[in-house]
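Residue numbers (this note's numbering), protein chains in the order written: chain C, 4 to 254; chain X, 101 to 413.
Just so you know, even glycine gets a beta-carbon here, dropped at the ideal spot from N, CA and C.
Small disclaimer: the values here were computed from a predicted structure and weren't measured.
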Ligand SMILES: [Fe+2]
Ligand SMILES: [Fe+2]
């Protein structure tokens, strides 16, 4: 088995899987019907991307394992999503701030991955880049709208970014796996995405009148290496409970 | 005098199957009747997102999660079409929501029942969407243009929902013993509520006659109910499921299925909002609406700012 590629696919998959789950939790609770529709659209795209990467990971792993096994029967420590995707839906400002930070990251990531020498990754990314381009433009609009809207919305979105900022350094943390996949032309070394990402953030923040929070390294332990926030365990307990309760059943 | 003539012309248009459009003259009662019916329909679509959303985070496979998420999104879209159609009658969405929150507007009481197992998601698609389609297909021929066009769009998606729900129940019926029980239990709990979705018997329905004359409704509650029962029994029997009605029997003379008398006490109890379901659904909707107030205000404030800017420039 190509362990590096397997791990890399899980990282890509789990970011989409967990973030789309948070969006699913928000279903029917949006500020207006149009938003319910739009945010569910984003969640569906992310879930589809996750499914594709899990399918590929299952194929790499072999032994008859399926994408559902990987989603529903993996242990928490084997999930490789970044902490930012695990943050609960505290309010709409947190939801949009979390989304915007991830959308910008995904945009630059998939812009590169479309050129992957691995045909499957390139194929999934070609579809994903169209989706995340829309996601980023939608969330950017909302950040500006909230930043420039009312005093309350400005304060809420600034607070959300202040609180979430410490989770952004993980996005650009790379390791030997990413470095070697980058060398082979298959994957992307996350640290190379930081400059573009930061520029995009600055651009939208300046339109929105939001201050870029101070950079702080918050953690020595990261989700992408299997060490998670306390939030993830509860999310998985809910998401996985039926397949675990009925191990012999097919759904 | 004027009005009597207008009314006559109006009825002539209806009789000739010419659609009534927002700018056309219409009797005030017709307008009120439509406002009530379309908004009730819209509310049902959006309140219906909740019992299904209840299982979205526990959908047991990636495929089923995607299908359910897309379905709930469809229902939000249906709500949107219908609010837009209702708004052409001169009432704002904000007002519709206010009536809903105050309890002045109703929604289909079937959504006050709880979803207790994954099989309920199958039962809702198969039975609740299945019953809704029968009604909605008939409403494609409604006399009010915007309502009719909304129904045409909605019907296309509803038949997917019905099939996807049936597929869940079919898979469970072929699954483990526990899964089969789950499917049967869901049918037991959803069958009668789905039958009651068509409303009271023709003789007891407050709005029925006038609605038929104005072609707001095209067929009576009992006709639609019978069509639903007839098409559904066979679908359940192929799967080896039993309907919770010992009097259910094909009537050789009519060619239709006879069912037991409907328990109208339960129906009116649920319609009147007795029981926990109604409170939970409304409280959820009110909370989402209140929590979102600052977001809507921000969006309006921003739009006003931009408009002011573009006027100066
Ligand atoms: Fe619908
Ligand atoms: Fe539906």
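If you measure between the beta carbons of residue i and residue j, is that distance less than 8 Å?
i	j	result
residue 218 of chain X	residue 282 of chain X	yes
residue 17 of chain C	residue 83 of chain C	yes
residue 322 of chain X	residue 357 of chain X	no
residue 98 of chain C	residue 113 of chain C	no
residue 224 of chain X	residue 236 of chain X	no
residue 2 of chain C	residue 183 of chain C	Outside the shown range of chain C, which is 4 to 254, sits residue 2 of chain C, and nothing can be said about it.
residue 196 of chain X	residue 181 of chain X	no
residue 177 of chain C	residue 395 of chain X	no
residue 162 of chain X	residue 54 of chain C	yes
residue 294 of chain X	residue 228 of chain X	yes
residue 172 of chain X	residue 226 of chain X	no
residue 46 of chain C	residue 26 of chain C	yes
residue 249 of chain C	residue 276 of chain X	yes
residue 398 of chain X	residue 235 of chain C	no
residue 130 of chain X	residue 314 of chain X	yes
residue 362 of chain X	residue 296 of chain X	yes
residue 42 of chain C	residue 29 of chain C	yes
How would you label residue i, buried or exposed, when you count the other beta carbons within 10 angstroms and need 16 or more for buried?
i	result
residue 237 of chain C	exposed
residue 164 of chain X	buried
residue 34 of chain C	buried
residue 138 of chain C	buried
residue 121 of chain C	buried
residue 194 of chain X	exposed
residue 109 of chain C	buried
residue 212 of chain X	buried
residue 202 of chain C	exposed
residue 139 of chain X	buried
residue 217 of chain C	exposed
residue 408 of chain X	exposed
residue 158 of chain C	exposed
Hey, how far is the Cα of residue i from the Cα of residue j?
i	j	result
residue 36 of chain C	residue 127 of chain X	31 Å
residue 95 of chain C	residue 78 of chain C	30 Å
residue 208 of chain X	residue 123 of chain X	29 Å
residue 229 of chain C	residue 90 of chain C	16 Å
residue 177 of chain X	residue 265 of chain X	19 Å
residue 233 of chain C	residue 226 of chain C	11 Å
residue 256 of chain X	residue 222 of chain X	19 Å
residue 63 of chain C	residue 126 of chain C	16 Å
residue 56 of chain C	residue 119 of chain C	14 Å
residue 366 of chain X	residue 167 of chain X	32 Å
residue 24 of chain C	residue 40 of chain C	15 Å
residue 3 of chain C	residue 109 of chain X	This structure does not reach residue 3 of chain C, given that chain C is present from 4 up to 254, and the question cannot be answered.
residue 50 of chain C	residue 190 of chain C	20 Å
residue 380 of chain X	residue 370 of chain X	13 Å
residue 92 of chain C	residue 389 of chain X	16 Å
residue 404 of chain X	residue 253 of chain C	53 Å
residue 412 of chain X	residue 214 of chain C	28 Å
residue 209 of chain C	residue 231 of chain X	52 Å
residue 153 of chain C	residue 391 of chain X	15 Å
residue 260 of chain X	residue 31 of chain C	21 Å
residue 393 of chain X	residue 400 of chain X	11 Å
Among the residues of its own chain, which have a CB less than 6 Å from the CB of residue i, if the five just before and after it don't count?
i	result
residue 344 of chain X	288, 291
residue 279 of chain X	272
residue 69 of chain C	61
residue 134 of chain C	48
residue 52 of chain C	19, 131
residue 146 of chain C	103, 207, 211
residue 128 of chain C	113, 116, 117
residue 125 of chain X	106
residue 175 of chain C	193, 194, 197
residue 174 of chain X	257
residue 243 of chain C	75
residue 141 of chain X	182
Could you name the residues of the same chain whose beta carbon sits closer than 7 Å to that of residue i, not counting the 5 residues immediately before and after it, in chain order?
i	result
residue 163 of chain C	96, 97, 100
residue 180 of chain C	7, 10, 11
residue 134 of chain X	189, 244, 247, 316
residue 302 of chain X	308, 320, 321, 322
residue 160 of chain X	218
residue 386 of chain X	201
residue 377 of chain X	212, 213, 214
residue 154 of chain X	215
Taking 8 Å as the limit between beta carbons, can you name the residues of its chain near residue i, skipping five residues before and five after?
i	result
residue 107 of chain X	127
residue 318 of chain X	238, 239, 241, 242, 312
residue 158 of chain X	218
residue 171 of chain C	87, 104
Got a list of residues with beta-carbon closer than 6 Å to any non-hydrogen atom of ligand 1, in chain order?
Those residues, listed in chain order, are X:145, X:175, X:178, X:254, X:258.
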